[in-house]
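Trainee: Numbering-wise (my numbering), the sequence shown opens with residue -5 and increments by one.
C-beta atoms are modelled at their ideal positions from N, C-alpha and C, and glycine is treated no differently.
Just so we're clear, the structure is a prediction, and the values are computed from it rather than from any experiment.
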Amino acid sequence: MSAPAFRSCGTAGQWVLLAYRIPRQPSTLRITIWRKLDRLGVARLGDGLVALPADARTREQLEWIAEEIGEMGGSTTIWLADPGSAAQEQAIADGMRRARTAEYQAVIVQAQAAGRARPGERARTAKRLQAGLRRIGRRDFFPPAERDAAHLAVRELTRQDSGAATAETTAGRQQP
């Protein structure tokens, strides 16, 4: 009987790491991988080394990317690791939290700006921002305070738009 390839994920403080090397040419392959890693919200620990908090989903996501890198002619290794200290883990988490904070702040600014737009434009922006919040949420492992503010700003934008639509409908009925 052979040993499992990985021990069980999800213990407190455990991280899944992907060490990788991608061929320099064509550069589009590297850019594709960088973008996929960014969408996952990885912590970049060094050149060719990224980390995510370990659970079955994050491990599988990095395994898929590792497979893709291998198909490109690159090399990869996936590791499960525990940080050497709580301070090191906190530094990684803080970096990830700062990245999400910036994303949530951008949503807040966009929602506030859209509040001054015409109702139809507000509705389109609200839908786009709701989708953006879902994408951010999938990579938000250490939620910052700005998360709630971003959700509130988008809800307020949606409320403004539905209130304007109701007012337009009511006004339309009152005209002879």
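Could you check if D76 is buried or exposed, using at least 16 other CB atoms within 10 Å of its CB as the buried criterion?
Mentor: Under this definition D76 is an exposed residue.
Trainee: Leaving out five residues on either side along the sequence, give the residues of the same chain with a beta carbon under 8 Å from the beta carbon of D155.
Mentor: P113, R116, A117, A120
Trainee: Do V101 and A144 come within 8 Å of each other at the CB atom, strictly closer than that value?
Mentor: yes
Trainee: Note down the Cα distance separating I63 from Y14, rounded to an integer number of angstroms.
Mentor: 8 Å
Trainee: How about L56 and L46: do their beta carbons lie closer than 8 Å?
Mentor: yes
Trainee: For R110 and L151, I'd like the C-alpha separation in whole angstroms.
Mentor: 10 Å
Trainee: Take G7 and list the residues in its own chain whose beta-carbon comes closer than 7 Å to its own, dropping the five residues that flank it on each side.
Mentor: D76, P77, E83
Trainee: Give me, in chain order, the residues of the same chain whose beta-carbon lies closer than 7 Å to that of L12; leave out the 5 immediate sequence neighbours on both sides.
Mentor: V44, L56, I59, A60, T70, I72
Trainee: Quick one: complete beta strand (DSSP E) runs, 3+ long, within the stretch 24 to 112?
Mentor: 37 to 40, 43 to 47, 69 to 75
Trainee: So, is A147 buried or exposed, given that buried needs 16 or more other C-beta atoms within 10 angstroms?
Mentor: buried
Trainee: Reducing DSSP to helix, strand and coil, say where A(-1) ends up.
Mentor: With a pLDDT of 38 at A(-1), under the threshold of 50, the predicted position of this residue should be treated as unreliable, though the coordinate-derived value follows. Here A(-1) sits in coil by DSSP.
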